[in-house]
Amino acid sequence: MRVKIESLLNVWRCCAFASGLGAIVASLGAFAAERPALEAAPASVSAPSGCDPSALLAEINVARTDPRGYARILRDGMTHFHDRTYEAPDGEALETVEGVTALKDAIADLEARTPAPPLAADRAIAQAAVRLVADQGRTGESGHVDSRNASLRDRLEAAGVLARSMEETIAYGPTDPREVVRELIVDDGNADRAHRNAIFDSAMTRAGCACGPHTAWGWVCVIDFASDAMADR
Numbered sequence: 015m016r017v018k019i020e021s022l023l024n025v026w027r028c029c030a031f032a033s034g035l036g037a038i039v040a041s042l043g044a045f046a047a048e049r050p051a052l053e054a055a056p057a058s059v060s061a062p063s064g065c066d067p068s069a070l071l072a073e074i075n076v077a078r079t080d081p082r083g084y085a086r087i088l089r090d091g092m093t094h095f096h097d098r099t100y101e102a103p104d105g106e107a108l109e110t111v112e113g114v115t116a117l118k119d120a121i122a123d124l125e126a127r128t129p130a131p132p133l134a135a136d137r138a139i140a141q142a143a144v145r146l147v148a149d150q151g152r153t154g155e156s157g158h159v160d161s162r163n164a165s166l167r168d169r170l171e172a173a174g175v176l177a178r179s180m181e182e183t184i185a186y187g188p189t190d191p192r193e194v195v196r197e198l199i200v201d202d203g204n205a206d207r208a209h210r211n212a213i214f215d216s217a218m219t220r221a222g223c224a225c226g227p228h229t230a231w232g233w234v235c236v237i238d239f240a241s242d243a244m245a246d247r
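Residues in the sequence shown are numbered consecutively from 15, following the numbering used here.
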C-alpha cells in the first residue's frame with residue numbers, strides 16, 4: 015500500500031522505567047552527555063496547497079474534541095472500500111491489510127471515546143518535527159531516529175523542550191490533512207492501534223507538525239506530541 019505510518023509512544027518518562035531500555039532514568043544529565051550534536055533546524059519545510067501543518071493540527075483537534083463527530087466523517091469513507099482496496103478521494107487506489115474491518119473498528123472506538131482537550135500549537139515542538147522531515151526528505155529513510163542518530167527526545171531537547179512524556183507519529187504518503195489523520199486513526203494493519211491512541215492521548219497537551227517531500231514515499235508528515243512541561247529551557 016502507498017501509505018506508511020509509524021508511531022513512537024512514551025519514548026521517555028523521567029524517573030520511570032524506559033520501555034525496552036531495562037533501566038531507570040536516573041538523571042537528565044546522563045542523557046544529555048549522550049545526545050548527538052545536531053545542526054540548526056531549518057526554519058521550515060515547504061508544503062503544497064492543502065498540506066499546511068497548521069491545518070493538520072487543526073484536523074487532529076477536530077478529532078480529539080469530538081470523536082463521535084469524527085466517527086461520522088470516517089463512516090462516509092466506507093463507500094470507498096472495495097474488498098481490501100480503498101479508493102482515496104484523489105482517485106488513487108490503496109491496498110490495505112484489513113480492508114473495511116479496520117475502519118469499522120475505528121468508528122466503534124471513536125463512538126465510545128471521551129473527548130480530549132485540543133492540543134496547543136508549540137513552535138519549539140514543531141521545529142523538532144521540521145528537523146526530522148528535512149532529514150528524511152533528503153535521505154529517503156523512515157522511522158524515529160534520524161541520520162545523525164538523534165531520537166525524538168534528542169530533537170525536542172535541541173529545540174528547548176523537556177516534557178514528562180512525549181510521542182511521535184509519522185505518516186508517509188498522503189498530503190491532505192484529513193487523509194493523514196484518517197490513516198492514523200484507522201491504523202490499518204496495526205493490532206495495538208498505537209497511532210490512533212497517540213492522536214487521542216489526553217496526557218498530551220501540545221504538539222507541533224511538519225510536512226514535506228520524501229524521496230521514497232513522496233510525502234511525509236511528522237506530528238510530535240508532548241505532555242505538560244517538566245522544564246523548558
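Yeah, the Cβ is synthetic: ideal placement off N, Cα and C, and Gly gets one too.
Proximity winner among the options, relative to residue i (alpha-carbon distances)
i           : options              : result
residue 176 : 182, 163 and 242     : 242
residue 128 : 232, 215 and 230     : 215
residue 114 : 102, 94 and 210      : 94
residue 136 : 80, 67, 206 and 231  : 67
residue 105 : 118, 91 and 112      : 91
residue 155 : 145, 230, 171 and 79 : 230
residue 163 : 180, 178 and 145     : 145
residue 123 : 103, 149 and 86      : 86
Reduced DSSP secondary structure (H/G/I, E/B, other) of residue i
i           : result
residue 226 : strand
residue 195 : helix
residue 178 : coil
residue 94  : helix
residue 231 : coil
residue 63  : Only weak support is given to the placement of residue 63: the predicted model assigns it a pLDDT of 45, under 50, and the value that follows is read from those uncertain coordinates. Of the three classes helix, strand and coil, the one that applies to residue 63 here is coil, per DSSP.
residue 143 : helix
residue 33  : Caution is warranted here: a pLDDT of 28 is assigned to residue 33, below 50, making its placement in the model unreliable, and the coordinate value is therefore given only provisionally. Of the three classes helix, strand and coil, the one that applies to residue 33 here is coil, per DSSP.
residue 243 : strand
residue 216 : coil
residue 207 : coil
residue 81  : helix
residue 190 : coil
residue 155 : coil
7 Å Cβ cutoff met for residue i and residue j
i           : j           : result
residue 138 : residue 174 : yes
residue 191 : residue 73  : yes
residue 147 : residue 77  : no
residue 108 : residue 100 : yes
residue 153 : residue 165 : no
residue 170 : residue 185 : no
Counterpart residues of residue i in DSSP-defined beta bridges
i           : result
residue 238 : 182 and 222
residue 100 : 95 and 108
residue 135 : 221
Close-in-space but distant-in-sequence residues of the same chain around residue i (CB under 8 Å, 5 per side omitted)
i           : result
residue 219 : 131, 133, 134, 240, 241 and 242
residue 116 : 110, 200, 201, 202 and 203
residue 70  : 191, 194, 195, 223, 225, 235 and 237
residue 97  : 113
residue 79  : 129, 130, 131 and 132
residue 75  : 132 and 133
residue 102 : 94, 108, 188 and 193
Residues near residue i by beta carbon distance below 7 Å, same chain, minus five either side
i           : result
residue 48  : Here residue 48 scores only 44 on pLDDT, less than 50, and its place in the model is too uncertain to base an answer on.
residue 227 : 151 and 233
residue 217 : 179 and 241
Own chain partners of residue i with C-beta closer than 6 Å, once the 5 adjacent residues on each side are dropped
i           : result
residue 238 : 139, 142, 143, 182 and 222
residue 82  : 125
residue 65  : 189 and 225
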